[in-house]
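Participant: Top line first, the protein sequences correspond to chains A and B.
Quick note: the first sequence uses the numbering used here, first residue 3, plus one each step.
Quick note: the second sequence uses the numbering used here, first residue 3, plus one each step.
2 protein chains.
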Amino acid sequence: MPGLNTSLTPLRFLERAAEVHPDKTAVVDGDRRITYAELAAHVTRLAHALGASGVEVGDRIAYLTSNSFEMLVAHFAVPLAGGVLVAINTRLSVEEVTYICDHSGAVLLVGDAALLEPVRAATFATIREFVETPGVDGDYAGIALPYAELVARGSDAPIPWSVDDEDAVISINYTSGTTGRPKGVMYTHRGAYLASLGAIHHEGFDIETRYLWTLPMFHCNGWCTTWAVTAVAGTHVCLRAVRDDVMWELIDNEGIDHLNGAPTVLVTLATSARAHPLKRSLTATTAGAPPSPTVIAAVRGLGFTLNHVYGLTETYGPYSVCEPGTDWDTLPGDELSRKLARQGVGMLTADRMRVVRTERAADGSLIDVQPDGVEMGEIVMRGNMVMKGYFNDPERTAEAFAGGWFHSGDLGVMHPDGYVQLLDRAKDIIISGGENISTVEVEQALASHPAVREVAVIGVPDDKWGERPKAFVVLVPGTTTTPDELTTHTKAQIASYKAPRSVEFLDELPKTSTGKVRKKELRDAEWGHAVVRIQG
Amino acid sequence: MPGLNTSLTPLRFLERAAEVHPDKTAVVDGDRRITYAELAAHVTRLAHALGASGVEVGDRIAYLTSNSFEMLVAHFAVPLAGGVLVAINTRLSVEEVTYICDHSGAVLLVGDAALLEPVRAATFATIREFVETPGVDGDYAGIALPYAELVARGSDAPIPWSVDDEDAVISINYTSGTTGRPKGVMYTHRGAYLASLGAIHHEGFDIETRYLWTLPMFHCNGWCTTWAVTAVAGTHVCLRAVRDDVMWELIDNEGIDHLNGAPTVLVTLATSARAHPLKRSLTATTAGAPPSPTVIAAVRGLGFTLNHVYGLTETYGPYSVCEPGTDWDTLPGDELSRKLARQGVGMLTADRMRVVRTERAADGSLIDVQPDGVEMGEIVMRGNMVMKGYFNDPERTAEAFAGGWFHSGDLGVMHPDGYVQLLDRAKDIIISGGENISTVEVEQALASHPAVREVAVIGVPDDKWGERPKAFVVLVPGTTTTPDELTTHTKAQIASYKAPRSVEFLDELPKTSTGKVRKKELRDAEWGHAVVRIQG
Numbered sequence: 003m004p005g006l007n008t009s010l011t012p013l014r015f016l017e018r019a020a021e022v023h024p025d026k027t028a029v030v031d032g033d034r035r036i037t038y039a040e041l042a043a044h045v046t047r048l049a050h051a052l053g054a055s056g057v058e059v060g061d062r063i064a065y066l067t068s069n070s071f072e073m074l075v076a077h078f079a080v081p082l083a084g085g086v087l088v089a090i091n092t093r094l095s096v097e098e099v100t101y102i103c104d105h106s107g108a109v110l111l112v113g114d115a116a117l118l119e120p121v122r123a124a125t126f127a128t129i130r131e132f133v134e135t136p137g138v139d140g141d142y143a144g145i146a147l148p149y150a151e152l153v154a155r156g157s158d159a160p161i162p163w164s165v166d167d168e169d170a171v172i173s174i175n176y177t178s179g180t181t182g183r184p185k186g187v188m189y190t191h192r193g194a195y196l197a198s199l200g201a202i203h204h205e206g207f208d209i210e211t212r213y214l215w216t217l218p219m220f221h222c223n224g225w226c227t228t229w230a231v232t233a234v235a236g237t238h239v240c241l242r243a244v245r246d247d248v249m250w251e252l253i254d255n256e257g258i259d260h261l262n263g264a265p266t267v268l269v270t271l272a273t274s275a276r277a278h279p280l281k282r283s284l285t286a287t288t289a290g291a292p293p294s295p296t297v298i299a300a301v302r303g304l305g306f307t308l309n310h311v312y313g314l315t316e317t318y319g320p321y322s323v324c325e326p327g328t329d330w331d332t333l334p335g336d337e338l339s340r341k342l343a344r345q346g347v348g349m350l351t352a353d354r355m356r357v358v359r360t361e362r363a364a365d366g367s368l369i370d371v372q373p374d375g376v377e378m379g380e381i382v383m384r385g386n387m388v389m390k391g392y393f394n395d396p397e398r399t400a401e402a403f404a405g406g407w408f409h410s411g412d413l414g415v416m417h418p419d420g421y422v423q424l425l426d427r428a429k430d431i432i433i434s435g436g437e438n439i440s441t442v443e444v445e446q447a448l449a450s451h452p453a454v455r456e457v458a459v460i461g462v463p464d465d466k467w468g469e470r471p472k473a474f475v476v477l478v479p480g481t482t483t484t485p486d487e488l489t490t491h492t493k494a495q496i497a498s499y500k501a502p503r504s505v506e507f508l509d510e511l512p513k514t515s516t517g518k519v520r521k522k523e524l525r526d527a528e529w530g531h532a533v534v535r536i537q538g
Numbered sequence: 003m004p005g006l007n008t009s010l011t012p013l014r015f016l017e018r019a020a021e022v023h024p025d026k027t028a029v030v031d032g033d034r035r036i037t038y039a040e041l042a043a044h045v046t047r048l049a050h051a052l053g054a055s056g057v058e059v060g061d062r063i064a065y066l067t068s069n070s071f072e073m074l075v076a077h078f079a080v081p082l083a084g085g086v087l088v089a090i091n092t093r094l095s096v097e098e099v100t101y102i103c104d105h106s107g108a109v110l111l112v113g114d115a116a117l118l119e120p121v122r123a124a125t126f127a128t129i130r131e132f133v134e135t136p137g138v139d140g141d142y143a144g145i146a147l148p149y150a151e152l153v154a155r156g157s158d159a160p161i162p163w164s165v166d167d168e169d170a171v172i173s174i175n176y177t178s179g180t181t182g183r184p185k186g187v188m189y190t191h192r193g194a195y196l197a198s199l200g201a202i203h204h205e206g207f208d209i210e211t212r213y214l215w216t217l218p219m220f221h222c223n224g225w226c227t228t229w230a231v232t233a234v235a236g237t238h239v240c241l242r243a244v245r246d247d248v249m250w251e252l253i254d255n256e257g258i259d260h261l262n263g264a265p266t267v268l269v270t271l272a273t274s275a276r277a278h279p280l281k282r283s284l285t286a287t288t289a290g291a292p293p294s295p296t297v298i299a300a301v302r303g304l305g306f307t308l309n310h311v312y313g314l315t316e317t318y319g320p321y322s323v324c325e326p327g328t329d330w331d332t333l334p335g336d337e338l339s340r341k342l343a344r345q346g347v348g349m350l351t352a353d354r355m356r357v358v359r360t361e362r363a364a365d366g367s368l369i370d371v372q373p374d375g376v377e378m379g380e381i382v383m384r385g386n387m388v389m390k391g392y393f394n395d396p397e398r399t400a401e402a403f404a405g406g407w408f409h410s411g412d413l414g415v416m417h418p419d420g421y422v423q424l425l426d427r428a429k430d431i432i433i434s435g436g437e438n439i440s441t442v443e444v445e446q447a448l449a450s451h452p453a454v455r456e457v458a459v460i461g462v463p464d465d466k467w468g469e470r471p472k473a474f475v476v477l478v479p480g481t482t483t484t485p486d487e488l489t490t491h492t493k494a495q496i497a498s499y500k501a502p503r504s505v506e507f508l509d510e511l512p513k514t515s516t517g518k519v520r521k522k523e524l525r526d527a528e529w530g531h532a533v534v535r536i537q538g
């Protein structure tokens, strides 16, 4: 048996942290402070408890919890028991939760009382037992088996922190399902391990790291940061609700130096009454639509370092990073903002990122667009940081991997320097008079206006052009502007035909739990539910 | 083909660095400055040239060169051509070089003129062609095919930076062979990739890194730093000879912030007439016998940060790191030095490190010593950062992996906190009156005397006790002491029976090219070549 490889698994990360830094604080959750030795002991005990509850290798365990100690524990205990973690978005409807539990065939559902209560009466096909986690004060509402009683079924006998097959599934994350039924994205131990190492490198995690959980742990397993911060024996600071006052309090009192989240988190931080210059450096890693130059300026002015990444549920969260060039320091602010807004290049542990044409080569292989920053194509990815496939869905898996690469459904361009820029979701692109209009491009032009806090652009019906752009704008409090002023502002930056024909001011934009704007909702209202869009 | 893994390979590191940071300086070698785009282009061209020279997949290519641009190039071009790199220790004899070339079946030998010249006349079994690298001034001595002519056989057609099988061999590194014939240690693409990621994390490499090549690249492929520094798009600063004036000049003028090497490198730096406080932080990662407290104090006083690692050729260089605990800052200097002198814990991408007894369990598995810092056992390692095996040597491979773990031949103890401390090489341990005496323990006691610059302890014949310790000491220039004073100093710290019975002062210790003391040479002189030691 010479030179045996060891299977790559994030379980090794907790084994090592607990051995090397047993007394270091692993988790802060309200008043609770848990060391790495305690975390590993609790994980071992829960893994045994799952086994004692009938969980077998490969069984799915569903969690419906906020960013708590218990949710973090699950990221290690469930795979240590040989199970597969299904962390469910806490803002989904009862129907969506039951669909995910049934589709994944989950045998256990663990949830916060407030989240479990509404779904408790629904009919589940495979759930055998419901478990209620304690509140941050340790109390139980008494609507299901108390978590402490589940844990009490376990024991302290050591379990090897290893797996036989690194390609085994560690978790299934359901897509937000803006179109069609949610899909169950399968992550492997190997992929999670390598994505974590990528995050450590690109986000700069080390043993000093004090990480604030502004990103939901249910979202791509917190972009694998559940595992990455553990690998460096950093400290996880839980955050059960993204409130500006609580965030600022934890940033100040817990010495936070890293957080991740959608741009909306940055907006919340920057516009908080409690906002103030940081006392220590803090790297905010953000993904999704790039924040507006106004917000970038505001958070940078407070001392934040911005790290822009891009990915999807299918890519373990971030796959690419807008890695700053060594000469970017010298760029004028505008140009720097434009560069920082790009989605960038594949991470160290990812493969290259490509932008490809719709048509294929004669041998079926994909053809790259010209790297000219102009020709639009679809962003495709592959390799260790791309999912194993959709659970129990070979058809949609095969479709997603057409040509051997994962198709993101995102449209973008390849710049001459090899950096990818996202232009739009394929389903969001506006076709007006036969011309493609990137809603992201129009949004960025509008967002550069000082009065614009947030903006969303969609295509609305137009008798002459088929579609035309319409903008929904949330203003910076205390400022005013007019649709005409905004249209003029836009036309100064991009082609006139791309400028919005109408502008509507809203108090807030409809968003998903992870901060993405629900454009479908805006579109449905404009088109009427009976109208089928050309682009589907 | 959904969810295909991508084979792990360090080739990806150069692909990425060249794409993301094409204009950044990759290599400084004398007056030459080579960008990442140029490095990747040169590597591609040489890989084609090797193919055009008849190199086929799996062929071994031998290099006998100093730390030059060409040696760094080989770490990527040889595997890109499908070949296996055999980087040979430049201080070996002609007979040793021919043995390694013949044993590995190398088809090409590339070397510096001064190194190639002495071996050129020897008879090689498999070498088809000799290639001479240019001097740092670009000139050729004309004793073999000029490197430029080899490269000219290549072309610029892109070659995918990928391999089909991540477990394929990327390099073979021959052990220094202090006992018996050198063994060819096989590294895989996967192992080299993961060891590189471990080095990045534990040595703190990032895009700002300017790395001075004080460690030979032929030594475990420079502890995989050839690949790791490339992964972060850092700058390699070549160093063709370890001279104190050149090192200090490069440290100052090239803004060096990282270097690796044996403690002797630190001694050379600290005792240089040019030594002065550093202008920027510099992490020196060192392995081998821990430097004496005097040297530690000297280099720390200049501003160096010391990083102590441990490993063997069989473990891709460093396998473990003496990772500082978060409370070590508060320790008194003596206690901190003792902690820092330990070999520590497995790196993030390694497995745990174990210390095991000679006897096995009934099922053949290994038994850990008590983690009490007292019970001595053998250090064993396994997993992705342990070699695939010895090339063409199944017997010695099986022996090394007895019980499923790689046996280091190093003796040590496991401390209660899980940190391993090396006590001795198995073959160096002294058995006196039936008691084990760790030569490392005696050396550390002696080295704490302010007049002692370097020390080596061996066992010498004794009629009564079988063996007794003898010390060879190099004094700090300008200081004096006596054998009696040193013996007294030692007895104040460790048991009397461990103190040296005799002390001999030397101008310098005999060392290998990588700075390890040649104890065998000292022992041979004391025992006479005809005498067989009990421990073999």
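C-beta: ideal position from N, C-alpha, C; glycine also.
Only a predicted model underlies this, so the values are computations on that prediction, with no experimental measurement involved.
According to DSSP, which residues form a beta bridge with A:G319?
Facilitator: Taking the first residue of the first sequence as position 1, residue 319 of chain A is located at position 317. In the DSSP output, where bridge partners are listed per residue, A:G319 has A:L314.
Participant: Which stretch, first to last residue, makes up the alpha helix (DSSP H) that contains B:P485?
Facilitator: The residue labelled residue 485 of chain B in the question sits at position 483 within the second sequence. Element bounds for B:P485: P485 to K493.
Participant: What do you get for A:H278, buried or exposed, if any count of 16 or more other CB atoms within 10 angstroms of its CB means buried?
Facilitator: If you number the first sequence from 1, residue 278 of chain A lands on position 276. Label assigned to A:H278: exposed.
Participant: If you draw a straight line from the C-alpha of A:L350 to the C-alpha of B:E58, how long is it?
Facilitator: By 1-based counting over the first sequence, the position of residue 350 of chain A is 348. By 1-based counting over the second sequence, the position of residue 58 of chain B is 56. Their Cα atoms are separated by approximately 29 Å.
Participant: Pull up the DSSP beta-bridge partners for A:P463, would you.
Facilitator: Sequence index remark: in the first sequence, residue 463 of chain A carries index 461 (1-based). Note: A:P463 sits in a beta bridge opposite A:E469.
Participant: Out of curiosity, what's the CA-to-CA distance linking B:S55 and B:I36?
Facilitator: Sequence index remark: in the second sequence, residue 55 of chain B carries index 53 (1-based). Sequence index remark: in the second sequence, residue 36 of chain B carries index 34 (1-based). Distance between the alpha carbons of B:S55 and B:I36 is about 25 Å.
Participant: What's the call for A:S106, buried or exposed, on a 16-neighbour Cβ count within 10 Å?
Facilitator: In the first sequence, residue 106 of chain A corresponds to position 104, counting from 1. The residue is buried, with at least 16 neighbouring Cβ atoms inside 10 Å.
Participant: Please check the pair A:A146 and A:E134, which I expect to be a contact at CB under 8 Å, by giving their CB distance rounded to whole angstroms.
Facilitator: Locating residue 146 of chain A in the first sequence gives position 144, where the first residue counts as 1. Locating residue 134 of chain A in the first sequence gives position 132, where the first residue counts as 1. Going by Cβ atoms, the distance from A:A146 to A:E134 rounds to 4 Å, so yes, they are a contact pair.
Participant: Does chain A have any CB closer than 9 Å to the CB of B:L199?
Facilitator: Taking the second sequence and counting its residues from 1, one reaches residue 199 of chain B at position 197. Closer than 9 Å to some Cβ of chain A, the Cβ of B:L199 qualifies, so yes.
Participant: Which chain A residues sit within Cβ distance under 8 Å of B:V454?
Facilitator: Stepping through the second sequence from its first residue, residue 454 of chain B is reached at position 452. Result: empty, since nearest Cβ-Cβ is about 32 Å, beyond 8 Å.
Participant: Quick check on A:R282: does DSSP put it in helix, strand or coil?
Facilitator: On the first sequence, position 280 is the one that residue 282 of chain A refers to. The answer is coil: DSSP assigns A:R282 none of H, G, I, E or B.
Participant: Could you tell me the alpha carbon to alpha carbon distance between B:L261 and B:R520, rounded to whole angstroms?
Facilitator: Here residue 261 of chain B is taken as the residue at index 259 of the second sequence, counted from 1. Here residue 520 of chain B is taken as the residue at index 518 of the second sequence, counted from 1. C-alpha separation (whole angstroms): 24 Å.
Participant: Check for me: the alpha helix (DSSP H) holding A:R18 runs from which residue to which?
Facilitator: Residue mapping note: residue 18 of chain A aligns to position 16 of the first sequence, counting from 1. L13 to V22 is the span of the alpha helix (DSSP H), which, as asked, contains A:R18.
Participant: Mind checking the stretch 322-346 of chain B against chain A and listing, in chain order, the residues whose C-beta falls within less than 9 Å of any C-beta there?
Facilitator: Of all residues in the stretch 322-346 of chain B, E325, P326, G327, T328, D329 and G346 have a Cβ within less than 9 Å of some Cβ in chain A.
Participant: Excluding the 5 residues preceding and the 5 following A:N69 in the sequence, name in chain order all residues of the same chain whose CB lies nearer than 7 Å to its CB.
Facilitator: Sequence index remark: in the first sequence, residue 69 of chain A carries index 67 (1-based). Here the set comprises W215, P218, M219, C240, L241 and R242.
Participant: Round the Cβ separation of A:L117 and A:L13 to the nearest angstrom and send it over; I've been treating them as touching at under 8 Å.
Facilitator: The residue labelled residue 117 of chain A in the question sits at position 115 within the first sequence. The residue labelled residue 13 of chain A in the question sits at position 11 within the first sequence. Rounded, the Cβ-Cβ distance is 27 Å, inconsistent with contact.
Participant: Check whether the stretch 154-166 of chain A touches the stretch 31-50 of chain A, taking contact to mean three or more Cβ pairs, one atom from each stretch, closer than 8 Å.
Facilitator: Touching, yes, given that three or more Cβ pairs across the two stretches are closer than 8 Å.
Participant: Note down the Cα distance separating A:L196 from B:C226, rounded to an integer number of angstroms.
Facilitator: To locate residue 196 of chain A, count along the first sequence from 1; it is residue 194. To locate residue 226 of chain B, count along the second sequence from 1; it is residue 224. Roughly 18 Å between the two C-alpha positions.
Participant: Just to check my reading of the structure: A:T315 and A:N175 have Cβ atoms closer than 8 Å, yes? What is that Cβ distance to the nearest angstrom?
Facilitator: Mapped onto the first sequence, residue 315 of chain A falls at position 313. Mapped onto the first sequence, residue 175 of chain A falls at position 173. About 5 Å separates the two Cβ atoms, so the contact holds.
Participant: Mind reading off the beta-carbon distance from A:F15 to A:S198? Whole number of angstroms is fine, and I expect it under 8 Å.
Facilitator: Numbered from its first residue, the first sequence carries residue 15 of chain A at position 13. Numbered from its first residue, the first sequence carries residue 198 of chain A at position 196. Between A:S198 and A:F15 the Cβ distance is about 7 Å, and since that is below 8 Å, they are a contact.
Participant: Hey, quick one: how far does the alpha helix (DSSP H) through A:N262 stretch, first residue to last?
Facilitator: Looking up residue 262 of chain A in the first sequence gives position 260. Premise fails: A:N262 lies in the beta strand (DSSP E), H260 to G263, not in any alpha helix (DSSP H).
Participant: Could you pull the DSSP bridge partners for B:N175 from this structure?
Facilitator: As a position in the second sequence, residue 175 of chain B is number 173, starting the count at 1. Paired residue(s): B:V187.
Participant: For the stretch 6-34 of chain B, which residues have a CB atom closer than 7 Å to at least one CB atom of chain A, in sequence order?
Facilitator: Within the stretch 6-34 of chain B, the residues whose Cβ lies closer than 7 Å to some Cβ of chain A are L6, N7, T8, R18, E21, V22, H23 and K26, listed in chain order.
Participant: Starting from the beta carbon of B:H203, find every residue of chain A whose beta carbon is closer than 7 Å, and list them in chain order.
Facilitator: Here residue 203 of chain B corresponds to residue number 201 of the second sequence, with the count starting at 1. Within 7 Å Cβ-Cβ: I202.
Participant: Which residues, in chain order, does the stretch 371-384 of chain B contribute to contact with chain A at a C-beta distance below 9 Å?
Facilitator: From the stretch 371-384 of chain B, only R384 have a Cβ closer than 9 Å to chain A.
Participant: Which residue marks the beginning of the beta strand (DSSP E) containing A:E134, and which one marks its end?
Facilitator: Sequence index remark: in the first sequence, residue 134 of chain A carries index 132 (1-based). That run of the beta strand (DSSP E) goes E131 to T135.
Participant: Sort A:W529, A:T490 and A:D365 by Cα distance to A:G461 and report the nearest one.
Facilitator: To locate residue 461 of chain A, count along the first sequence from 1; it is residue 459. The residue with the shortest Cα to Cα distance from A:G461 is A:W529.
Participant: Within its chain, find whatever has a CB closer than 8 Å to the CB of B:V75; leave out the 5 residues flanking it on each side and keep chain order.
Facilitator: Here the question's residue 75 of chain B lines up with position 73 in the second sequence. Closer than 8 Å at the Cβ level, and outside the excluded window around B:V75, lie L41, H44, V45 and L48.
Participant: Strictly under 9 Å for the Cβ-Cβ distance: is B:D208 near chain E by that measure?
Facilitator: Considering every chain present, this structure includes no chain E. Its protein chains are A and B.
Participant: Pull out every residue of the stretch 418-432 of chain B whose Cβ sits closer than 9 Å to any Cβ of chain A, in chain order.
Facilitator: Result list: D419, G420 and Y421.
Participant: In three-state DSSP terms, what is A:M73?
Facilitator: Residue 73 of chain A sits at position 71 when you count from the first residue of the first sequence. Helix at A:M73.
Participant: List the residues of chain A that B:R192 touches, going by C-beta distances under 9 Å, in chain order.
Facilitator: Looking up residue 192 of chain B in the second sequence gives position 190. Here the neighbours are N7.
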